[in-house]
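Here the structure is laid out as C-alpha cells; the discussion comes afterwards.
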Amino acid sequence: MDDQAIILSKAWSKCQKQIHSWMHWHAHRSDTRAATRALVRLLNGLLEPKSHTSQLSEIYAKTYWQTRVKDSVPARSNIATIWRSIDEALQKEPKEVIDKLKLEQAKQRALLQKSITKDDDVESDPLIVRWNIQELGPTLHRILEHLSKKTGWSFSLIMGRPDPISPEEGNHITSLHIGADQQGRDFSDVYGKFDTDFVEAYGTFLKRVHGSKYQFSSP
25 MDDQAIILSK AWSKCQKQIH SWMHWHAHRS DTRAATRALV RLLNGLLEPK
75 SHTSQLSEIY AKTYWQTRVK DSVPARSNIA TIWRSIDEAL QKEPKEVIDK
125 LKLEQAKQRA LLQKSITKDD DVESDPLIVR WNIQELGPTL HRILEHLSKK
175 TGWSFSLIMG RPDPISPEEG NHITSLHIGA DQQGRDFSDV YGKFDTDFVE
225 AYGTFLKRVH GSKYQFSSP
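Rendered as C-alpha cells:
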C-alpha cells in the first residue's frame, strides 16, 4: 500500500468515526423523533402535487361543453371570451345542474385530501409517484444547496428506479452534484469515469432491486 492509499484509508476511518459519533449522539436526543417527523412533513410538502379542486365553471365546461356551451361561443374567440361564455351559460343553469356540479366538486375535494400522503405512508399511486420523481431534483437541489452553504460540504447523489407509469422502459438513473471547483466543474465533470465507475455500478444494483436495465438521464 503506497503513502497516498494509507492517507486516504486513515482519512476514511476518521470520517466513519465522526459519522458514527454524530449518529450516536442524535439517536439519543429526546427531540430527534419530533425533528425527523417535522423534516418528513417538510419534504412531503415540497413534493406534494400542486393540485387544486376545480372551480364549478371548469367542471361545467368539461361536462357540458359540447351540449350547452360550444354553439354559443363565437368562432376564433380568445380564452377570455370563451370563459366569459362559459360563466354566462353556467349562470343560466337550473338548480339541479348546479347541485350536480357541486357534488362532483365535493368528490374531487375528497380525492385530493385522500391523496395527501401521511408521514409514514408509502405512496402507491403511480401518477403521484411520477410527480414526486419530477419534483425530486429541484427539491433536493434546494435542500443540498442550503446545506452546502451552512456546512461548506459538497454533495454528489445517484438515484433511480423504473418509471412508475412505464416500468418496461427500464431503470432511469440520474445524478445531482452540489459543489464545484475553481473552473466551475462538479464531480461528474472532473471524474472522467463517473458514468462507467459509478453510474454503471449503480445500474447493476438497481437491476438487483427492480430487475430491469438502466437508462441514464441528466437531472
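The sequence shown runs 25 to 243 under our numbering.
Here a beta-carbon is modelled for each residue, glycine too, at the ideal position from N, C-alpha and C.
- The Cβ atoms of residue 198 and residue 183 lie closer than 8 Å to each other.
- Assignment of residue 195 by DSSP, reduced to helix, strand and coil, places it in the strand class.
- Judged by pairs of C-beta atoms under 8 Å, the stretch 185-203 touches the stretch 149-163, as three or more such pairs exist.
- Assignment of residue 186 by DSSP, reduced to helix, strand and coil, places it in the strand class.
- Residue 227 is classed as buried because its beta carbon has at least 16 other beta carbons within 10 Å across all chains shown.
- With fewer than 16 other CB atoms across the displayed protein chains lying within 10 angstroms of its CB, residue 102 is exposed.
- Taking the Cα of residue 234 as reference, the smallest distance to any Cα among 193, 185 and 203 is reached at 185.
- Judged by DSSP secondary structure, residue 224 falls within the alpha helix (DSSP H) whose first and last residues are 224-234.
- A Cβ-Cβ contact shorter than 8 Å links residue 81 with residue 110.
- In the three-state reduction of the DSSP assignment, residue 78 falls in the coil class.
- For residue 155, the enclosing alpha helix (DSSP H) starts and ends at 150-175.
- With a 10 Å radius around the Cβ and a threshold of 16 neighbouring Cβ atoms, residue 223 comes out buried.
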